[in-house]
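Chains as they are written, first to last, in the numbering used here: chain A, 1 to 473; chain B, 1001 to 1089; chain C, 2001 to 2279.
All C-beta atoms in this analysis are idealised placements derived from N, C-alpha and C, irrespective of residue type, glycine included.
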Amino acid sequence: MTPAPQEQLLNAAAALRRDLGPDLHDRVSEAIYTEATQIANRTISTDSRQAAFRLDRTVDQLVTSRLWGFPLMLLLLMAVFWATIAGANVPSRMLADLLLGTVYNALHAGAAAIGTPVWLSGLLIDGVYLATAWVVSVMLPPMAIFFPLFTLLEDLGYLPRVAFNLDRLFKGAGAHGKQSLSMMMGWGCNAAGVVATRIIDSPRERLIAIITNNFSICNGRWPTLILMGTLFIGATAPPALASFVAAASVVTVAVIGIFTTLLVSALLSRTVLTGEASTFSLELPPYRPPQVLRTLYTSLIGRTLIVLWRAITMAAPAGAVIWLSSNIMIGDASIAAHLVNALNPFGWWLGLNGVILLAYLVAIPANEIIIPTILMLTLTLNRSQLAQAGVMLELDNNLVYQTLTQFGGWTMLTAVNLMLFSLLHNPCGTTILTIWNETKSAKWTAVSTLLPLLLGIIVTFVTAAVARLVGWV
Amino acid sequence: MNTSPPIGATTLDQLSLGATGRVLALGNQGAERRRLFDLGITPGTLIQSEVRSPLGDPVAYRVRNTLIALRREQSQMIMITLDLEETIV
Amino acid sequence: MSDELVTPQASSLPHAACNTCPAYTNAQLRKLGLDVSGWDYTVALAGNPNTGKSTVFNALTGLRQHTGNWAGKTVTRAEGGFRFQGKRYKLVDLPGTYSLLSTSADEEVARDFLLFGQPHVTVIVADATRLERNLNLVLQILAITDSVVVAVNLIDEARRHGIMIDERGLARDLGVPVVPIVARRGEGLPELLSTIAQVASGAIRPRPRHVPLRDAALERAVKQLVAQIEAVFPNLPQAYWVALRLLDGDASIAQAVREGTIGDLTRGQAVAPIALEAA
Ligand SMILES: Nc1nc2c(ncn2[C@@H]2O[C@H](COP(=O)(O)OP(=O)(O)OP(=O)(O)O)[C@@H](O)[C@H]2O)c(=O)[nH]1
Ligand SMILES: [Mg+2]
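1. Is Asp2127 (chain C) helix, strand or coil when you go by DSSP?
2. How would the residue list near ligand 2 read, in chain order, if you kept each one whose beta-carbon is closer than 7 angstroms to any heavy atom?
3. Examine chain B for any beta-carbon lying closer than 8 angstroms to the beta-carbon of Val103 (chain A), and answer yes or no.
4. For ligand 1, is there a heavy atom less than 7 angstroms away from the beta-carbon of Thr2051 (chain C)?
5. Have a look at the DSSP bridge pairing and note the partners of Phe2082 (chain C).
6. Going along chain A, which residues have a C-beta under 9 angstroms from Ala1019 (chain B)?
7. Could you check if Gly2047 (chain C) belongs to the surroundings of ligand 1, using beta carbon to heavy atom distance under 7 angstroms?
8. Between Val195 (chain A) and chain C, is the shortest Cβ-Cβ distance under 8 angstroms, so that the two count as touching?
9. Would you verify that the beta carbon of Asp2146 (chain C) is, or is not, closer than 8 angstroms to some beta carbon of chain A?
10. Can you check whether the CB of Met143 (chain A) is closer than 8 angstroms to the CB of Val162 (chain A)?
11. Is any heavy atom of ligand 1 found at a distance shorter than 7 angstroms from the C-beta of Asn398 (chain A)?
12. Arg1062 (chain B) bridges to which residues according to DSSP?
13. Give the list of continuous beta strand (DSSP E) stretches no shorter than 3 residues that lie fully inside the region 14–74 of chain A.
14. Note down, in chain order, every chain B residue with its Cβ under 8 angstroms from the Cβ of Glu2132 (chain C).
15. So is the beta-carbon of Asp2156 (chain C) under 7 angstroms away from any non-hydrogen atom of ligand 1?
16. At least one CB of chain C closer than 8 angstroms to the CB of Arg1071 (chain B): is that the case?
17. Helix, strand or coil for Met1079 (chain B)? Go by DSSP, reduced to three states.
18. Considering Cα atoms alone, identify which of A:Ala4, A:Asn382, A:Ala14 is closest to Ala2251 (chain C).
19. Using a C-beta to C-beta distance shorter than 9 angstroms, which residues of chain A count as neighbours of Asp1013 (chain B)?
20. Have a look at Thr2007 (chain C) and Val2036 (chain C) and give me their C-alpha separation to the nearest angstrom.
21. Can you list the residues of chain A that Thr2076 (chain C) reaches, using a CB-CB cut of under 9 angstroms?
22. State the Cα-Cα distance for the pair Ile330 (chain A) and Thr434 (chain A), rounded to the nearest angstrom.
23. Output the distance between the C-alpha atoms of Val1063 (chain B) and Ala1025 (chain B), rounded to the nearest integer angstrom.
24. Keeping to the same chain, check which residues put their C-beta closer than 7 angstroms to that of Ile432 (chain A); ignore five residues upstream and five downstream.
25. Starting from Arg1022 (chain B), find everything on chain C with Cβ-Cβ shorter than 7 angstroms and list it in chain order.
26. Assuming Glu2187 (chain C) and Val2179 (chain C) are in contact, meaning their beta carbons sit under 8 angstroms apart, how far apart are those beta carbons, in whole angstroms?
27. Using a Cβ-Cβ cut-off of 6 angstroms (strictly less than) and excluding sequence neighbours within five positions of Val1051 (chain B), which residues of its own chain qualify?
28. Going by alpha carbons, who is nearest to Val136 (chain A) out of A:Val466, A:Pro203, A:Pro372?
29. Determine which residues share a DSSP beta bridge with Gly110 (chain A) and list them.
30. When DSSP labels each residue in this structure, what does Val473 (chain A) get in the three-state scheme?
31. Using the beta-carbon count (16 or more within 10 Å), is Trp410 (chain A) buried or exposed?
32. Scan the region 222–303 of chain A and note each continuous alpha helix (DSSP H) run of 4 residues or more that stays entirely inside, going in chain order.
33. Report the residues of the region 2084–2104 of chain C with a CB closer than 7 angstroms to any CB of chain B, ordered along the chain.
34. Within a Cβ cutoff of 8 angstroms, which residues of the same chain sit near Leu152 (chain A), ignoring the five residues on either side of it in sequence?
35. Closest Cβ-Cβ distance between Ile2155 (chain C) and chain A: below 8 angstroms?
36. Quick check: Leu181 (chain A) and Gly2038 (chain C), are their CB atoms within less than 8 angstroms of each other?
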């Protein structure tokens, strides 16, 4: 029997290949580069070779120096979050006044005027509207500052320098140096971060990068950290330092995320994903002065608003679900109250509470709705007490703090553990789907989903136990 | 491949910061070798060590007016001659 | 909303004089955003990473592909449309790639489209400040397609660093049209558009330079194998490239030949999922 034509072809290729020797790629490549050099020499002229890129080199020597490399990274991260927190403060309050105060009251007044049934205005205004309004006022100001600042650093060319600085650590963890790039993309959105791992050549190292991408805080989670950092941690400092301390707490969580990434990568590369380190080559582009105004515009339109839109589309149905579940009664309590009560004991062990855990269940599709869900649940579950205390729904930060501590029973431990749990829990639905798309493996999708959750449970449990042991709470 | 390295030959990782060398041969194999060729690190190319990362590794090299960071595992497989006369940039 | 017009603007580029030609003055661009329906021509944007492909894409389609100053920002294929001089174009933004012998998933997306997606025109966006390295990819692409336009981008940076490029000489050497541009400011884009249009319509027929392999045995082997490949796969667009890959012992290409799926690399938008059998 004669072999198939394809096989004949391959055999012929193999025979020719034997005759030619092994270094064919070298020869072709060298031929092309020889040509490229000749063409370049003919067509490029440089008037001052010495001057070219000298400034770049000086900057690089500073940015990657033994002394300043790491402190500068930290300093820049601090600066970005300080600007985000300090800058978002006033607009956040104005937005809350407008959306949760003026507009909210007007909607209710309008609904009453046209005789809307109470359940309908409740569902639409106290459910759908309130959840979206909260998402907007919590997310819009900080993200409108964070994204442009981050994009400016990206356009400047700083991100590859971070990868350059951190590579030694990733190498130690058996991972690829470009993982820091996908990690930083994860700071915008984990789904995008997972796709960004395509720049990593080796499947093993790419998988490590995918599994650990969730340890990058994404835009849906920054607001939670910022709010907790501001309300609970920043508030312990004198007012002049409050936003610094808040920023420091947010940066601390982000840095814990980087260490977790390294630790989990090391664990994976030494157990289930063992193998040789693959080639590492990273191009450091020239620094390019960013077009500040254009960057502001495009990151506002192209990123902030898109991110916000996604949050709104997630928050609207979630608002309806929360309102319904806290107004439909089973026996003597609402569905939400039953669920919260059932989750409370487990929540206690984690230093959290039933409301937070329920919020994380509701927020599986999108982390953005954590804060609105927590606030709405805390408010509706304590409605009677709140009404007595005369707390209105138009919450500014002080009232949110009061509500959470007085009626939700929150302590510093709750806030800290919420920050930790925000870092360490399952990825959002979109990210899980993306992981599946990129790996087509149920096993690795499951690992990427459950591993962070498991870590989160362990870490919050230990933190709570230690805090209680030393009598901190 | 020639047997003994010429006088003055060393490996790329030995190149001190700011110094320039000329690529002699690549000992890297497979995909890594291909990637280095594609980046323009071919025999005869001038290469200058430019910055070292804070933890000592990797090092970024200027080659054909681009800046490429390589880990020591890669650079120690690349044979170069020291080129005292020429600087690239 | 996205119907802004890019009118040829005075620029300080050497080709600025062309702005006064009638062909340019009535050149009108209509950005069509995501609308790629009923296109007359497909145009691919190829090039090394971080050369400004996505910036060009955004400028021509009115879309907002993310851009960033690092290699590897774009990792998936993106499509958008524009209309120019009455013709509709589908523009495809590709991930950057150092070579057609790429190894990572993002580069594979670019490679497969360039080889088997059969765009009518391939625009290679090159970085003026790193032209020599960029030419490596340019010359590789010239080996697989004739309809190429080279857009030398980042001319502003080149100027700032005292680097001057003789585009006419470059065009002569490469055998394809070369257009200097500053994508971020839109300089040179009218010239680029009209060159694309002329290559697409056949008004310009590039005769790209093919790098001699400088090796008689290799030339013979490639020729022999190309003939065999064409016999087995009569419709395969890239027999020359496949022959080189086979001679180089590329296992994935051999596999595709064995299974007869070599021509299918074209269609898949999705990258092959990570093949990894963990221990
Ligand atoms: N100064 C200057 N910068 C430019 C120009 N064109 C693009 N850039 C910048 O160069 C960087 C890279 O641009 P991109 O469009 O993302 O490049 P790309 O080729 O799509 O990159 P990859 O997707 O990574 O392959 C961005 O920071 C752009 O703002 C230009 O003409 N002049
Ligand atoms: Mg791009």
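In short:
1. strand
2. Those residues placing their Cβ nearer than 7 angstroms to any heavy atom of ligand 2 are, following chain order, C:Lys2053, C:Ser2054, C:Gln2065, C:Thr2067, C:Lys2073, C:Thr2074, C:Asp2093, C:Pro2095, C:Gly2096.
3. It does not: the Cβ of Val103 (chain A) has no partner Cβ on chain B nearer than 8 angstroms.
4. yes
5. C:Lys2031, C:Tyr2089
6. Going along chain A, no residue has its Cβ under 9 angstroms from Ala1019 (chain B), so there is no contact; the nearest lies around 14 angstroms.
7. yes
8. yes
9. no
10. Not in contact: Val162 (chain A) and Met143 (chain A) (Cβ atoms no closer than 8 angstroms).
11. no
12. B:Gln1048, B:Leu1067, per the DSSP bridge assignment.
13. Here the runs fully enclosed are 44–46.
14. Gly1040, Arg1064, Asn1065
15. yes
16. no
17. Annotated three-state conformation of Met1079 (chain B) is strand, per DSSP.
18. A:Ala14
19. By Cβ distance, chain A contributes nothing, its closest Cβ being about 13 angstroms from Asp1013 (chain B), past 9 angstroms.
20. Caution applies to Thr2007 (chain C), whose pLDDT of 31 falls short of 50 and renders its modelled position unreliable; the model cannot decide the point.
21. Chain A residues near Thr2076 (chain C): Val195, Arg198.
22. Distance from the CA of Ile330 (chain A) to the CA of Thr434 (chain A), rounded to the nearest whole angstrom, comes to 38 angstroms.
23. Taking the straight line from one Cα to the other gives about 15 angstroms.
24. Thr445, Thr449
25. Within 7 angstroms Cβ-Cβ: nothing; Arg1022 (chain B) doesn't reach chain C, min ~16 angstroms.
26. With 8 angstroms as the limit, Glu2187 (chain C) and Val2179 (chain C) do not qualify as a contact, their Cβ atoms being about 10 angstroms apart.
27. Spatial neighbours of Val1051 (chain B) in its own chain (CB-CB distance under 6 angstroms, excluding positions within 5 residues in sequence) are listed in chain order as Ala1060.
28. A:Pro372
29. According to DSSP, which records beta bridges pairwise, Gly110 (chain A) is partnered with nothing at all.
30. coil
31. Buried: at least 16 other Cβ atoms inside 10 Å.
32. 222–228, 242–270, 292–298
33. Here the close residues are Tyr2098, Ser2099, Leu2101, Thr2103.
34. Pro290, Val292, Thr295
35. no
36. Judged by beta-carbon spacing, Gly2038 (chain C) lies beyond the 8 angstroms limit of Leu181 (chain A), meaning their Cβ atoms are not closer than that value.
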